[in-house]
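One point on numbering: in my numbering, the residue at position 202 of the sequence shown is 199, and numbering is uninterrupted. The structure under discussion appears below in the form of structure tokens.
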Amino acid sequence: MVCSAYQTRPGRNRLATTLVQVFTVAAFYLILRRDERLASLLSIDGWNADAAMARDILRLGFPISLTYGSEAGINSLAAVVMGAFGPIALAAHNVVNQLTRIAFQVSIGLSHGSSILISRAIGRLDRQQAQQTANAALVLGWLTTATLAVVYVAVPNWVLRPFLDPTATATIVLAKVFLLFAIVQQVVDFTQNIAIGLLRGIGDTATGLRATTIGYWIAGVPAMLLLAFPRACTGRRMAGDEHRIRHHSSLAAAPIPPRPAPNRPPARRTDDDVHRGPAANMLFEPASPLPDCSARLFLCGVGRA
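Dropping the structure here:
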């Protein structure tokens, strides 16, 4: 009853999210006010701010905000595209995407930490320390992705258990496949995010924005739509081998064949599959020309610098 009430009032969820953000800002403000070193530097009287310093902060901060916004936008667009293939594919995509977002927080920490250390080394004109910081950050990121890859391959059911009902077999099967693509995504995602942090440490935030803009929107979006809807984009039916894409510097995406292999009868559907509706049946055999000529795309990440 509680869940259904909240489902019928989405405004409550938005209000809760807003309140969490407000309380978080208030908590950080109180923490900073109690810090002996930072309290004297913290002020809310913006009218006394130094104009030149404000311009420098805006010059560095604006590209950073656009970079993170660009990534959020491409993830939202990928979910919309995945929704064209039905609720099962969308559910599997969202679950795996949440897992990668959780793992992504590690790369964010490495990115910000290395950014601070790089800026300190550059301030001391210590080029060797800056190079060691960059190498250490990248190695730590790759070790993290390697560890996650082992977990995804070895115990996928355990990884997916907090998000999916054990009876949702069709979604679990598809999510397991998406986990394999998530391994590739995390490698390029970690590398990109850490590299952007290293550039940030030397005061360069524009390069990261240019790289993500080109990769996400100029290269990534057309590739995503072409792989998802090949007939609509090219006017012809694509062969199975043409669905596959190799890793490029600008994107890493992978398709899943939408139907059984030729000369093989479709998988037997159970009563549960029938009750799930046409979207569930798409996992076994095409129900329309659109899924028949397209691939189930999990956007593993695009615009990797």
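Heads up, the beta-carbon is just placed ideally off N, CA and C, and yes, glycines get one too.
In the DSSP assignment, Y213 falls outside any alpha helix (DSSP H), carrying neither H nor E. Under a 10 Å Cβ-count criterion, E68 is classified as buried, with 16 or more other Cβ atoms of the shown protein chains found around its own Cβ.
For L114, the uninterrupted alpha helix (DSSP H) segment begins and ends at P84 to G120. Remark: C-beta atoms of I191 and L63 do not approach each other more closely than 7 Å. R30 and T202 have their C-alpha atoms roughly 29 Å apart.
Note on geometry: alpha-carbon atoms of L12 and R124 lie some 48 Å from one another.
Straight-line spacing of the CA atoms in R52 and V103 works out to 30 Å. Note on Q182: 16 or more other CB atoms within 10 angstroms of its CB, so buried under the neighbour-count rule.
Residues P153 of the same chain have their beta carbon placed closer than 6 Å to that of K173, with the five preceding and five following residues left out of the count.
Straight-line spacing of the CA atoms in T188 and L135 works out to 7 Å.
The shortest CA-to-CA distance from I199 to any of A118, T166 and I71 is the one to A118. The beta-carbon separation of A48 and L171, rounded to 54 Å, does not stay under the 8 Å limit for a contact. Under the three-state reduction of DSSP, T202 is assigned to coil, being neither helix nor strand. Assignment of S37 by DSSP, reduced to helix, strand and coil, places it in the helix class.
Here the alpha carbons of Q129 and N10 stand approximately 44 Å from one another. In the structure shown, T130 adopts helical secondary structure according to DSSP, grouped into three states. One alpha carbon belongs to N91, the other to A76, and they sit about 7 Å apart. For T164, there is no enclosing alpha helix (DSSP H), as DSSP gives it neither H nor E.
Taken through DSSP and simplified to helix, strand or coil, R158 comes out as coil. In the structure shown, A172 adopts helical secondary structure according to DSSP, grouped into three states. Judged by DSSP in its simplified three-state form, D47 adopts coil rather than helix or strand. Spanning the alpha carbons of P84 and Q95 requires a straight line of approximately 16 Å.
In this structure, the beta-carbon distance from L206 to V93 does not fall below 7 Å.
Judged by beta-carbon spacing, V78 lies beyond the 7 Å limit of T142, meaning their Cβ atoms are not closer than that value. Note on geometry: alpha-carbon atoms of T21 and H109 lie some 19 Å from one another. Comparing C-alpha distances from A131 to each of L145, R121, T144 and S116 shows the shortest one belongs to S116. The residues T202, in chain order, have a CB closer than 6 Å to that of I61 in the same chain once the five nearest residues on each side in sequence are set aside.
A Cβ-Cβ separation of about 5 Å places A89 in contact with T168 under the 8 Å criterion.
The shortest CA-to-CA distance from I54 to any of A208, M221, T210 and R197 is the one to R197. Here A23 carries a helix assignment [DSSP, helix/strand/coil]. The residue from S112, W139 and A220 with its alpha-carbon nearest to that of Q126 is S112.
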